[in-house]
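Here the structure is laid out as structure tokens; the discussion comes afterwards.
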Amino acid sequence: MYIKRIGIRNFRRLQQPVSIDGLSDGLNVIAGDNEEGKSTILRALRAALFDRHTLGGAAAASFQPYGAQLRPEVELTFGLNDGEYRLSKAFCQTPAAELIGPKGHFSGPAAEDALKDLLDFDPPGRGPSDPRHHGVLGLLWVEQGTAFRPVSHNPRSLSTLQRTLEGEVGNVLGGQQGHQLLESVRQAYADFFTATGKPRGTYRQAQEAVAELEAELSAIERQLGDYEQRIEELQRLEESRQRDRREGLLETLQRQLNAAAAEAEHLRGIQRRVQQAELEHRVAAAQHDAAQTQWKQRETLALSLDDTQRRSRTLAQDAEDAQTRLAKQQAACDEKQTAYVEASQRLEEARQRLRQAEDGRRRTQLRQTVADLAARQQKAAEAAKTAADAKNAAAALRVSDDDVKALQRLEQQLFETAAQLQAGAPEVALALTCAVKRDDESVAGDSRFIVTEPTTLDLGELGSLRITPGGTDLARSSERYKQRQRELADTLAALGVADRSEAERLLARKHELLREAEKQQQLALAHAGQDIDQLNAALAEQRAELDRLDKHAPTDCPDLAEAQSAVEKAKQAEQEARAAREHAQTALERAKELAHDTAAAYRHNETTRQSLQTTLDDARREHGDEDLFRAMKHAEENRTTSEQAWEHAKTELTAADPERIELTLAQAQDALTRPNNDKNGSRRGFGSSKSSYKVSAKPAWASAGRSYTRSYNKLVSTPSTCNAKRNPYGFSAMCWKRALNKPRIRFWRRLSSVSNRI
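Mind the numbering: the sequence shown is residues 1490 to 2247 in the numbering used here, read in order.
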């Protein structure tokens, strides 16, 4: 069974359509994070295969998404027994089952029965399936945390396993006699062949011996053929020599050879002149290259000296400019240091005036403290009266915390009922160009809305459209929604508020009044908590401190805000002066580094210039510029002259046609010496062949004969049982007999012919 596609919709957490395509044969892995829905996919697959579509109760309700009464749907495409099947099931509302395959199209209970026969399992009579109902497929279905549990089988799965095992064991054993026969044949075959059918043992050795002896016979036959060719060549040369003597051909060939030798000697003279001209040209070219290299080196040295001199002048000017900038930067740095000292002094003066202003503020605070102590008794009475008024106002408000919580709970229930009503209600999407009214209210022609109760759409000239949502669940949800609205309205009326927000505002006001009453009570206790003596002592102490500060106060006490502003300005000015001083010091350091670097660069360039000047002066004392230039031109003229002489010699050599002369000389020499050489070579070859026959051919023939005899005796000693078992030895013996007879006949026939000639 090969699963090819899984489609899921409204199944537990997978409320949106999910499609898994492209499943291939073999292992397929579905990966994802925790709570992504992997286990939900496997549960949907098991529900499609093993649970009936008419399943009801809590088991079917567990397939629905949380908080929604939707229709769970599962589609499955799989291959089984070389056929492709498509299974689809729907649960809860309008349950359905459909199976399409090679055997036809099944729906409803017929689809469940066809699926049971196809997968060979027993579905439960009622309720959800468990491992006992899965049949043999349950052996391959392991959920998380169930691997340690024992395997459960029903009678149907046990029967299937037993039939399968009996068939497999019977096919493997096949009976005792058949096994013995197979083993006997295997052993007999293994004596002479390997498992891959290649020869082995004595049969392989016999084949190798045949191949070696045939190779020996072929070598002897080739030697005999060489003997025959040499004898025939000797006879042909002897006849040609006698004919040449009769016709006087040797004298003519000698004259042709002398003429070709003279022409070849003239050619060698031309070749020597070409070689000499080439050598002179190479020497002249080398001298020209050397002179040209010396001149280029002199030019490069002079140009480098000029560049170094120009750079020295530039670096000298840069060094002078750097010293000027260094002096200016030093003066600027001294100026910034003076400004920083003055800013620091102004900052200290501003801080002194700030301390005087803070003492003035302290005197003001003490005066206020004295006034506060005097008014504490009066404030305590006022606070007590305010606390009593706040308590009375809070008692007049009837809203409590429990009332607000009850309103929140009713609104939450109303929201959940509305969500359930919208989840099961149809959605209407308009795409009209005419005016549309919904229950006498105008709506846009491209609007979308949810219909939870009978609704009439007025389409103008097109007529009207009546939409009535169906389903008992939708009606119950609508009734619950209206009930929640009535409960909420009754509660609001009892509290005398329009909505929960107004109740929350009244409750917040009540809490605020209670907190204000508590606050005023604490304030009254704070004002009247100590006795009059302690209050008088504190007041006297504060007045004494105020008198001391007034005694040392300056005549013109500065304003605190102005003093603080002056300090901030002085501090800012001091920071700016410090930053300007540091910036000037940094610029001064950079100017020093620049002056040092430019001076060092000038000194280094001067050293280089002096070295180049010394090198150029020494070179000019040894060879002047004009001498080097004249030497280069003279070498160039010599190279041109030698190149022209070399080209003239090569032209003369080409006109002499050296290939023709060499070919003519070789042909003349070959024509004169070939008859004698061929005859002498043939005589030597015939003598060598005769000796080779005596030394190698005859002993090789004898050795081959003995090897044939041994091999034949070995074959005839093979047991007679080889034919009964169709052993390859029978065919091998026949091959040996042919190999012994035919090559030996051919060998004797050829050997007798050559022996007669010898």
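From the three backbone atoms N, C-alpha and C, an ideal C-beta is built for every residue, glycine too. Computed from a predicted model, the values in this text were never measured in an experiment.
Item, Value
"Taking the beta carbon of C1822 as the centre, do at least 16 other beta carbons fall within 10 Å, making it buried, or is it exposed?", "buried"
"Taking the straight line between their C-alpha atoms, what separation do you get for L1794 and L1815?", "31 Å"
"T2096 to E1767, Cα distance in whole Å?", "48 Å"
"From D2086 to E1769, what does the alpha carbon distance come to, in whole angstroms?", "57 Å"
"Measure from the alpha carbon of P1584 to the alpha carbon of each residue in L1756, R2110, A1600, H2123, then state which is nearest.", "A1600"
"Counting only runs that start and end within the region 1530-1615, where is the alpha helix (DSSP H) found for 4 or more residues in a row?", "1546-1550, 1598-1608"
"With the cut-off set at 8 Å, would you say R1787 and L2152 are in Cβ contact?", "no"
"For S1508, list the residues DSSP reports as bridge partners.", "G1496"
"Enumerated in chain order, which unbroken segments of the alpha helix (DSSP H) with a length of 4 residues or greater are wholly contained in the region 1876-1954?", "1890-1913"
"How is P1617 classed by DSSP in three states: helix, strand or coil?", "coil"
"On the CB-based measure, 16 or more other CB atoms within 10 Å of its CB, does D1778 come out buried or exposed?", "exposed"
"Applying the criterion that 16 or more other CB atoms from any shown protein chain within 10 Å of the CB defines a buried residue, is N1517 buried or exposed?", "exposed"
"Quick check on this structure: which residue in T1875, E1752, A1547, S1596 has the alpha carbon closest to the alpha carbon of C1581?", "A1547"
"Starting from the Cα of A2248, find the closest Cα among F1681, R1998, R1851 and give me that residue.", "No statement about residue 2248 is possible, as the shown extent of the chain runs from 1490 to 2247 and does not include it."
"On the DSSP bridge assignment, give the partners of P1688 in chain order.", "F1682"
"Is it the case that the CB of R1973 approaches a heavy atom of the ligand ZN more closely than 7 Å?", "The ligand ZN is absent from the structure shown, which contains no ligands of any kind."
"Which residue's Cα is closest to the Cα of R2063: L2077, R1835, Q1724, S1990?", "In the sequence under discussion, the amino acid at residue 2063 is Glu, which differs from the Arg named in the question. Residue R1835 is the option with its Cα nearest to E2063."
"Output the distance between the C-alpha atoms of A2055 and E2082, rounded to the nearest integer angstrom.", "40 Å"
"Just to confirm, are R1494 and D1514 a CB contact at a threshold of 8 Å?", "no"
"May I ask you to report which of helix, strand or coil DSSP gives I1519?", "coil"
"The alpha helix (DSSP H) spanning R2079 covers which residue range?", "2049-2111"
"Could you check whether A1536 and V1507 sit closer than 8 Å to each other, using their CB atoms as the reference points?", "no"
"Would you mind sorting N2216 into buried or exposed? The rule is 16 or more other CB atoms within 10 Å of its CB.", "Residue confidence for N2216 is low, a pLDDT of 44 falling below 50, so the modelled location carries little weight and cannot support an answer."
"Taking the alpha helix (DSSP H) that S2131 belongs to, which residues open and close that run?", "2114-2145"
"Just checking my contact of A1992 with L1984 at CB under 8 Å: how many whole Å lie between their CB atoms?", "6 Å"
"Between the alpha carbons of F1904 and E1968, how many angstroms are there, rounded?", "14 Å"
"Quick check: what's the CA-CA separation for S1990 versus A1895?", "13 Å"
"Using 8 Å as the cut-off, can you tell me whether the region 1747-1755 makes contact with the region 2098-2113, which would need three or more C-beta pairs spanning the two stretches below that distance?", "no"
"Report the residue from L2101, D1540, E1573 whose alpha carbon sits nearest the alpha carbon of H1594.", "E1573"
"Does the pairing of the region 2118-2131 with the region 1839-1848 give three or more beta-carbon distances under 8 Å?", "no"
"Roughly how many angstroms lie between the CA atoms of A2088 and T1803, to the nearest whole one?", "12 Å"
"Using only alpha-carbon positions, find the residue among T1529, R1800, S1551, E1710 that is nearest to N2094.", "R1800"
"Evaluate D1540 with the Cβ neighbour count: other Cβ atoms within 10 Å of its Cβ, from every protein chain shown; 16 or more gives buried, anything less gives exposed.", "buried"
"Rounding to the nearest angstrom, what Cα-Cα distance links K1817 and R1851 in this structure?", "52 Å"
"Any chance the region 1874-1883 sits against the region 2061-2080, with 3 or more Cβ pairs inside 8 Å?", "no"
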